[in-house]
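I have placed the structure first, in the form of structure tokens, so that the comments after it can refer back to it.
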Amino acid sequence: MPVSFGFLLVRLFPMYVVVLATEALRLANKYAGRRVFDWQILSEDGHAVEASNGIAVDCDAALRDAPELAYGFIVAGDDQARTATPQMRRWLVRAGGKGTVLGAIDSGVFLLAEARLIRERNVTVHPVAAAAFREQFPEVNVQERPIVVDGSLITCAGGMATVELLLMLIERHCNAAIARDVASDMVSSNAAFPPLGRLTTDTLDGDHGASLEKILEIMRRSVETPLPLHALARHVGFSERQFARVFHRATGEAPMAYYRKLRLNHAKQLLFQSDMAVSEIAFASGFRSISAFSRCFTAEFGRSPRKLLAELRASGNVQAVPARNFTKRVRLHRSQPKK
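So that you can map any letter, position 274 of the sequence shown is 273 in numbering that gives the first Met the number 0, and since no number is skipped, the others follow by simple counting.
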């Protein structure tokens, strides 16, 4: 049974929040090779809802017809006329009573507070709306954090923190490896391999002019023929011991362990995006022994490359998960201009 999400849209909601959230769930299904998550786009009456950019989004169901959900998030934006209607409150109370984890993204927390469901709870809200929220609901504890989890209540400040929220939930229901894959695909700061581009010569001992960004680029360019530690160290003018110490201080990992993860991530991308055989992928990722490649791959991702490839082929498409199984159709159309 997939973990079900419901996103209740309120007029003038930020569309990109919903796109980011549903894309993260879609990618999690893709990298898991199965349907781990499902989602519903909801509105109070089942009709299309106008986003802040003027585009109206068709919804899957009205609140009265909404299925039971694992998570129910209210997504709201800048509409000052937003209000928690009796029907919304009844749905929230009913869903919460059935075990749905309730939450809000961006200004959706205003509606939870109006429904009197978060008294004396810890929440977050979009920074632009924080002062107004505190003034209107002094009994609610607002924390200046991107995401706040208070028991069965999850609130998110919106924006790019939406991705971090979904990555947290993907890791909870899948594993850290799939969450890293999704983060990498979405070019999130939580990607599998933290970017080193900002770690320049200032982070290095002495007056050496090379940067860690350069070393990472060398590693990426040489995944098929990985360089030994002494060769990497020579590029920045260090001894092996000094280089290993500085690299670990900057990344939290030993250079060769980091290098191996880059190569394994490269191999996994080839599994998803090419029709190469496992043996070819092993050699293209710098492994001269298929058994060593399989052992390292399994240790990193929890499944052997052959097992993962078999799962992908069984799903009908090596390069992508079948759309009929894993995507939701959200019809978009321009709303009528206001007279």
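C-beta atoms are modelled at their ideal positions from N, C-alpha and C, and glycine is treated no differently.
- Annotation for A129: the continuous alpha helix (DSSP H) segment containing it runs 129 to 135.
- Contact annotation: A60 and Q86 have beta-carbon atoms that are not nearer than 8 angstroms.
- For G102, the secondary structure class from DSSP, reduced to helix, strand or coil, is strand.
- Short of 7 angstroms from the beta carbon of A75, and not among the five residues preceding or following it, lie these beta carbons of its own chain, in chain order: V9, F12, R81, D105, S106, G107, F109, L110.
- Residue environment analysis places T99 among the buried positions, since at least 16 neighbouring C-beta atoms fall within 10 angstroms of its C-beta.
- If you draw a straight line from the Cα of R248 to the Cα of E138, it is about 44 angstroms long.
- Taking C-beta atoms as the reference points, P254 and L231 count as a pair closer than 8 angstroms.
- Beta-bridge partners of V48 (DSSP): V56.
- The Cβ neighbour count for A131, taken over all protein chains shown within 10 Å, is under 16; the residue is labelled exposed.
- With respect to the C-alpha of L24, the residue from H46, M14, C173, G102 having the closest C-alpha is C173.
- For A114, same chain residues with a beta-carbon under 6 angstroms away, outside a window of 5 residues either side, are A83, R88, L91 in chain order.
- One thing to note: S303 has its Cβ within 8 angstroms of the Cβ of S293.
- Relative to R33, the option among G150, V2, E252, A276 whose CA is nearest is V2.
- The secondary-structure analysis by DSSP pairs D37 across a beta bridge with S3.
- Within the region 244 to 281, the runs of alpha helix (DSSP H) that reach at least 4 residues and sit entirely inside it are, in chain order, 254 to 272.
- In the three-state reduction of the DSSP assignment, V92 falls in the helix class.
- Taking G301 as the centre and dropping the five residues before and after it, the same chain places the C-beta of N174, A176 closer than 8 angstroms to its C-beta, in chain order.
- Between the region 211 to 229 and the region 61 to 71, the count of C-beta pairs closer than 8 angstroms stays below three; the two stretches do not touch.
- For E239, the CB contacts under 7 angstroms within the same chain, skipping 5 residues up- and downstream, are L228, H229, A232 in chain order.
- Out of M167, I146, I217, F246, the CA that lies nearest to the CA of A27 is found in M167.
- When C-alpha distances from I153 are compared across V18, E252, V235, G95, the shortest belongs to G95.
- Judged by DSSP secondary structure, I73 falls within the beta strand (DSSP E) whose first and last residues are 70 to 75.
- An exposed status is given to N52, since fewer than 16 other beta-carbon atoms sit within 10 Å of its beta-carbon.
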